[in-house]
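Report on the following structure.
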Amino acid sequence: MKLDLSVTGDIVASMQAEILAGEKAVTRAMRQAGSDLKQNWRGQITQAGLGRRLANSIRSQTYPKSGESLKAAALVWSNAPQIIGAHDTGPLIRSKDGFWLAIPTPAAGKGTRGKALTPGEWERRRGLRLRFVYRRGGPSLLVADGRLNSRGLGVASRSKTGRGRSTVPIFLLVPQVKLAKRLNLARDAKRAEAAVPGLIVANWFSERV
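In the numbering used here, the protein residues as written are 252 to 460.
Written out as structure tokens, the structure reads:
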């Protein structure tokens, strides 16, 4: 048997063109996979009722930042990793000092930039002392002897006679809190990873057509 092999055209140029097509295909595929994962994670966060601001903390970046490469990669991350991670894992939260967790009631109000107040901060802001109330059948309380204002916040009473004065629960005291798992980021990440080979093939084919 006699075989005859012949090459038409410039094989070096053909291989170079194929490599360039592959670089474009891989880079485009990783860019699309990263963008899709970012949007899916943002969608999960908003659907869980965690707000658009937290959803927008999800970012993505394709590497290299410019040009194409067969080793292109996509990174998706959050600018609020602790908050996102807590809702993704549903951890058991305990007090750092081993005592109580102080959970603000609506009467406590908010601190700077909407952050939750600590008992010490609340006392400094309101000029009132908090009083501990133990309850056997439920969470213990930190209460203030004052009144509720028109916005439902606990404040000092202005009455000299005591009229309108009441005991206002400001903080619930619990030994620990189990945060509900509201996100499943790994599910979307696995789907994005599984889609990458198909995206590469589709983009590579479009380069050759």
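Cβ atoms here follow ideal geometry from the backbone N, Cα and C, with glycine treated the same way.
Roughly how many angstroms lie between the CA atoms of residue i and residue j, to the nearest whole one?
{"i": "residue 382", "j": "residue 434", "result": "37 Å"}
{"i": "residue 440", "j": "residue 423", "result": "37 Å"}
{"i": "residue 246", "j": "residue 276", "result": "Here the chain comprises residues numbered 252 to 460, so residue 246 is not present and cannot be evaluated."}
{"i": "residue 269", "j": "residue 341", "result": "47 Å"}
{"i": "residue 364", "j": "residue 397", "result": "25 Å"}
{"i": "residue 427", "j": "residue 323", "result": "44 Å"}
{"i": "residue 392", "j": "residue 369", "result": "14 Å"}
{"i": "residue 290", "j": "residue 339", "result": "16 Å"}
{"i": "residue 508", "j": "residue 394", "result": "Because the chain here runs from 252 to 460, residue 508 falls outside it and cannot be looked at."}
{"i": "residue 399", "j": "residue 304", "result": "31 Å"}
{"i": "residue 295", "j": "residue 306", "result": "8 Å"}
{"i": "residue 404", "j": "residue 377", "result": "10 Å"}
{"i": "residue 411", "j": "residue 417", "result": "13 Å"}
Start and end of the alpha helix (DSSP H) containing residue i?
{"i": "residue 289", "result": "262-298"}
Looking only at DSSP bridge pairs, what is residue i linked to?
{"i": "residue 405", "result": "399"}
{"i": "residue 310", "result": "328"}
{"i": "residue 377", "result": "Beta-bridge pairing links residue 377 to no other residue."}
{"i": "residue 383", "result": "393"}
Measuring alpha carbon to alpha carbon, tell me which residue in the options is nearest residue i.
{"i": "residue 352", "options": "322, 411 and 344", "result": "344"}
{"i": "residue 443", "options": "387, 273 and 287", "result": "287"}
{"i": "residue 314", "options": "330, 432, 305 and 326", "result": "326"}
{"i": "residue 335", "options": "297, 394 and 354", "result": "297"}
{"i": "residue 386", "options": "420, 362 and 373", "result": "420"}
{"i": "residue 309", "options": "330, 373 and 317", "result": "330"}
{"i": "residue 357", "options": "264, 261, 373 and 302", "result": "373"}
{"i": "residue 210", "options": "261, 414 and 292", "result": "Outside the shown range of the chain (252 to 460) lies residue 210, about which nothing can therefore be said."}
State the start and end residues of the unbroken beta strand (DSSP E) segment that holds residue i.
{"i": "residue 356", "result": "From DSSP, residue 356 is part of no beta strand (DSSP E); its letter is neither H nor E."}
{"i": "residue 418", "result": "417-425"}
{"i": "residue 430", "result": "Counting along the chain, residue 430 falls outside any beta strand (DSSP E), and DSSP gives it neither H nor E."}
{"i": "residue 345", "result": "343-345"}
Under a CB-based cut-off of 9 Å, is residue i close to chain C?
{"i": "residue 283", "result": "As a matter of chain content, chain C is missing from the structure shown, which is built from one protein chain."}
Q.
Does the structure place the region 274-285 close enough to the region 438-454 that three or more beta carbon pairs sit under 8 Å?
A. yes
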